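Residue numbers (the numbering used here), protein chains in the order written: chain F, 23 to 390; chain U, 733 to 1218.
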Amino acid sequence: MILIAAGTKDITSKLANQVKQAYANGAVLNIRGSATKSFLANSDHDKNTAELITTREHQGIVNYEPGELVLTARSGTRLNDIQKILASKNQMLAFEPPAYGEQATLGGTIACALSGPRRPYTGSARDYVLGVHMINGRGEVMGFGGQVMKNVAGYDVSRLMTGAMGTLGLLLDISLKVLPAPETEKTLVQDLSPTDARKCMIKLARQYLPISAMSYTDRFLNIRLSGTQATVAASAEKIDGEFIHKHETFWHDIREQQHPFFKSDKALWRLSIPAASDWVDIETKLDGDCLIDWGGALVWLTSNETPEKVFAYAKTLGGHARLFRQGNSRSDSRIQPFSPGLLSWHKKIKHAFDPKGILNPGLMHKDV
Amino acid sequence: MTPAQSEFIKALQTLLPVNFLLTDEESLRPYECDGLSAYKQLPLVVALPGNQEEIISIIKLCQKFKIPVTTRGAGTGLSGGALPLENGLLLNLARLNKILDINPDDRTARVQPGVRNLAISEAVSGHGLYYAPDPSSQIACSIGGNVAENAGGVHSLKYGLTVHNILKLEIITAEGELLTIGSQALDSPGYDLLALMTGSEGLLGIITEITVKLLPKPELTQVLLVVFDDVINAGKAVSEIISAGIIPAGLELMDTLAIKAAEDFIHAGYPVDATAILLCEIDGNIPEVGDHTKKIHELCLQCGATEVRIAADEKEQKKLWAGRKAAFPAVGRLAPDYYCMDGTIPRRCLPEVLKRISEMAEEYDLPVANVFHAGDGNLHPLILYDANVTGQLEKTEQFGGRILELCVEVGGAITGEHGVGIEKIDQMCVQFQSLELSQFHAIKDACDEQGLLNPGKAVPTLHRCAELGAMHVHDGKLPHPELERF
Ligand SMILES: Cc1cc2nc3c(=O)[nH]c(=O)nc-3n(C[C@H](O)[C@H](O)[C@H](O)COP(=O)(O)OP(=O)(O)OC[C@H]3O[C@@H](n4cnc5c(N)ncnc54)[C@H](O)[C@@H]3O)c2cc1C
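Below, the structure written as structure tokens:
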């Protein structure tokens, strides 16, 4: 069965014309969906002089075939609407994207490539991107990838676009692989010291268990199980802890940063580190508080430490840091610095898609 | 050999010991082709470096002398990606075959590119872990080649392709610089260069180290053999299983000719009078595997299966899989040569596509066996022919080309896992318009300004497409109309 939602609107030609015009005039464009993630923009990105180009009206689920596990939607489609239609067929976006606002669009979600608590167990946003249509910095409309699970024809531009924050092109529509929603989910909680929590997460991750999230904060380790009733019940027997009520709210709040931990005046740092990293002494090494997600592979840190110090710490663990939300004192270095070789590749690739540098320049990184 | 080429070889000899540089025809011969033996070409020279430093010096020398480089892993590729270039250097990475580091707590392993795919799972097995992507060629193919092709396997339906199972790469660029892409963590800042490199067929950089993700082995695995007397029903069963919320670890379909060939060769116990069989593997925790097996059994019967066999033990599971894993060589016994295609289609189009392939088989008078990663819509039609009969290879290639065009027509792709290489270069003109092809060239130019890495593979020039366009006029629409015809 093919489901196509009503009330759709295709403004491809309007968007392409705007980019073409800007290319001709050398005007800088600021691509916007619903601005729910604009807080991620590097402060070097000059919003004041840039011309706004918005995908909000470019809406609609173009194609959804539950039996094929594929959904295609225009970039302005609300993430909410997509999740609703998927839920009606017992399916889901398995990367559990954070929305950071009711109005969040699919385009912004993919451009920022953010993934929620389920990410280590089922994969990230880019893992589910099958294809895109896009407009490059010349105003050219192009399509890459497609609606099939496997496709190795040409370079993987669709995944390259994921997380590029609009600096390589404006996303028009995106085809995603979707997955069946689990039959049931339950969350167990244990009271553990950081050292024991870390050990526990490592031990569990090495076994085949239907774990779909592990998060640690305030001495509480929360473990979510997803699968068939029988599997979840049998697996829960093997893991210590009590079931928590309202666990949907708990994971929602972690994902959407509405958990009390996130209420802080300090800067919010995101440290992505190898799963078994020793983060136990992080609160003393970096002055601040932390919440662990992704079974140990993601640390949310509220702290007023200098970027240099946070970057250096993340690097010693083999990972990288990102200044996710500015605190009271603002900083211009928001992502882990690139090696000279990597920076040069970023510039060259940017140039290959956007030769005049008109698409969201400086938004992801000050030199790209 | 031109004077410049002799000078180049002389300079190479200062970089590598003499036994790791091959120049005489007899030693070059084994490298004249990869798994696609219809194309053969001797390179100027084969180099077998033993470490990254040697590769860097070789690449810098190639830059200086403008000698093109083709990287070779195990040479099992099926699209001619590792086919040497006449005036080029073939960089054979077979000596870089060490597993550098296994980290069971992070569930990662750091390996050199020449390590065989299966060797990784074997090395980490003691930790209860394995590396998920399992191409049928896994005893031979290299992990470097897997990354370069974004290889998949029978378990890709549930566990993903190579791109989903790697974290970090070290590459050597066309300029001879060492670059680290990705990280030990689950993501890295900036562009997703890991995805860009994966499947880039040796055109954007030389992969010299790979950090792979490992998974814990499932508690239990179950294999079902489902028999159908109608392919349409088999296709319907695949959709029903997935719509019911079950993602099997593997879901493979074989048609009559493939079943017969496999049975004659391996004696896996396949029903030779069946029109189609589905092999379905379910893995996971014990209760889940039980539930899903039961559900799949019911669904298949509802879809008209004539028989559902559940493997009694691990031995029988292996036996059932053995037929599928040996399907290519088994079909290979039916004719002097076979040509393996690799198109992907939306699953719902399966009946139509199989029907049209069999019509074409009649038209070309060449038999076709179908082996199919049914779960993710990846077809492997195997066309049987005899290269010694004048004109058969050309006819076969034309037939194959039409199958791929059919895949594009129904919304699929010309290659699901084998890559474009030299083989499907013309079908790229069907899959993409000039704008996309130009964008690919712009990416290539950004990473390899001089165009020394595997030139002529994977992405056709616009001129080639224009020339071809004159021959393939579809629905009266000329592809790439903006280009001059000649
Ligand atoms: C019987 C058989 C069954 C097969 N089954 C499958 C299957 O199930 N799934 C599947 O996906 N494939 C399959 N293949 C195809 C093939 O095995 C894969 O494409 C494999 O990934 C190629 O690995 P290789 O080491 O042999 O690479 P090669 O053939 O040596 O090279 C392949 C391409 O990668 C490039 N390359 C190789 N190494 C590097 C490197 N280190 N850095 C940069 N570029 C590099 C080469 O230049 C070339 O373009 C099968 C092949 C055979 C013969």
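Here a beta-carbon is modelled for each residue, glycine too, at the ideal position from N, C-alpha and C. Keep in mind the model is a prediction, meaning the values are calculated, not measured.
C-beta contact flag for residue i and residue j at 9 Å
i: Ala966/U; j: Leu985/U; result: yes
i: Leu768/U; j: Ser738/U; result: no
i: Pro139/F; j: Ser237/F; result: yes
i: Gly877/U; j: Val170/F; result: no
i: Ala1006/U; j: Ala1059/U; result: no
i: Gly161/F; j: Leu385/F; result: no
i: Ala319/F; j: Ala917/U; result: yes
i: Lys748/U; j: Ile790/U; result: First, the amino acid is wrong: residue 748/U is Leu here, not Lys. Contact flag set, yes.
i: Ile904/U; j: Ile787/U; result: yes
i: Ser779/U; j: Ala806/U; result: The sequence as given places Ala at residue 779/U; Ser does not occur at that position. No; because the gap between Cβ atoms is not below 9 Å, this pair is not in contact.
i: Pro781/U; j: Asn1186/U; result: no
Distance cut-off 8 Å: residue i Cβ against heavy atoms of ligand 1
i: Pro1236/U; result: It is not possible to answer for residue 1236/U, since the shown part of chain U is limited to 733 through 1218.
i: Asp766/U; result: yes
i: Asn1186/U; result: yes
i: Leu825/U; result: yes
i: Pro1078/U; result: no
i: Leu810/U; result: yes
i: Val879/U; result: yes
i: Arg78/F; result: no
i: Val886/U; result: yes
i: Lys830/U; result: no
i: Thr943/U; result: no
i: Ser868/U; result: yes
i: Pro1061/U; result: yes
Minimum Cβ-Cβ distance from residue i to chain U less than 9 Å
i: Leu290/F; result: no
i: Asp354/F; result: no
i: Ser257/F; result: yes
i: Gln125/F; result: no
i: His342/F; result: yes
i: Gln279/F; result: no
i: Val390/F; result: yes
i: Leu25/F; result: A caution first: Leu25/F carries a pLDDT of 48, below 50, which makes its placement in the model unreliable, though a value can still be read off. So no, Leu25/F is outside the interface.
i: Phe284/F; result: no
i: Phe418/F; result: Outside the displayed range of chain F (23 to 390) lies residue 418/F, so it cannot be described from this structure.
i: Glu207/F; result: no
Neighbour flag for residue i against chain F, beta carbons, 9 Å
i: Thr808/U; result: no
i: Pro921/U; result: yes
i: Leu936/U; result: yes
i: Gln916/U; result: yes
i: His1204/U; result: Per-residue confidence for His1204/U stands at a pLDDT of 48, beneath the threshold of 50, marking its modelled position as unreliable; the derived number appears in the next sentence. No, because no Cβ of chain F sits closer than 9 Å to the Cβ of His1204/U.
i: Asp838/U; result: yes
i: Gly1228/U; result: Here chain U has residues from 733 to 1218 only, and residue 1228/U is not among them.
Proximal residues of chain U, C-beta to C-beta of residue i below 7 Å
i: Leu243/F; result: In chain order: nothing, as chain U lies at least about 17 Å away.
i: Ser248/F; result: Within 7 Å Cβ-Cβ: nothing; Ser248/F doesn't reach chain U, min ~11 Å.
i: Phe166/F; result: Glu1168
i: His387/F; result: Gly922
i: Glu162/F; result: Leu1167
Neighbouring residues, chain F, relative to residue i (Cβ below 9 Å)
i: Asp1177/U; result: Lys370, Ala374
Within chain F, partners of residue i - CB distance below 8 Å
i: Gly931/U; result: Val174, Tyr177, Asp178
i: His896/U; result: Gly145, Asp149
i: Met1160/U; result: Ala175, Gly176
Within chain U, partners of residue i - CB distance below 8 Å
i: Asn158/F; result: Gln1171
Close beta carbons around residue i, own chain, < 8 Å, minus the five adjacent residues each side
i: Gly1133/U; result: Asp1158, Gln1159
i: Gly1144/U; result: Gly1075, Thr1076, Ile1077, Pro1078, Cys1081, Gly1109
i: Ile898/U; result: Val879, Gly914, Leu926, Thr930, Ile942, Thr943, Val944, Lys945
Same chain, Cβ closer than 6 Å to residue i, neighbours up to 5 away in sequence not counted
i: Thr77/F; result: Gly55, Ser97, Gly98, Gly129
i: Ile75/F; result: Gln40, Leu51, Ile53
i: Gly885/U; result: Pro865, Asp866, Pro867
i: Ser180/F; result: Val151, Gly153, Val154, Phe166, Gly167
Spatial neighbours of residue i in its chain, beta-carbon cut-off 7 Å, leaving aside the 5 residues before and after
i: Gly310/F; result: Lys288, Leu323, Thr324, Ser325, Glu327
i: Asp1069/U; result: Tyr1117, Asp1118, Ala1119
i: Leu1033/U; result: Val1040
Neighbouring residues, chain F, relative to residue i (Cβ below 7 Å)
i: Ser975/U; result: Pro88, Gly89
i: Asn882/U; result: Val174
Proximity test, residue i beta-carbon vs ligand 3 heavy atom, cut-off 8 Å
i: Phe997/U; result: Looking at this structure, you won't find ligand 3 anywhere; what it does contain is ligand 1.
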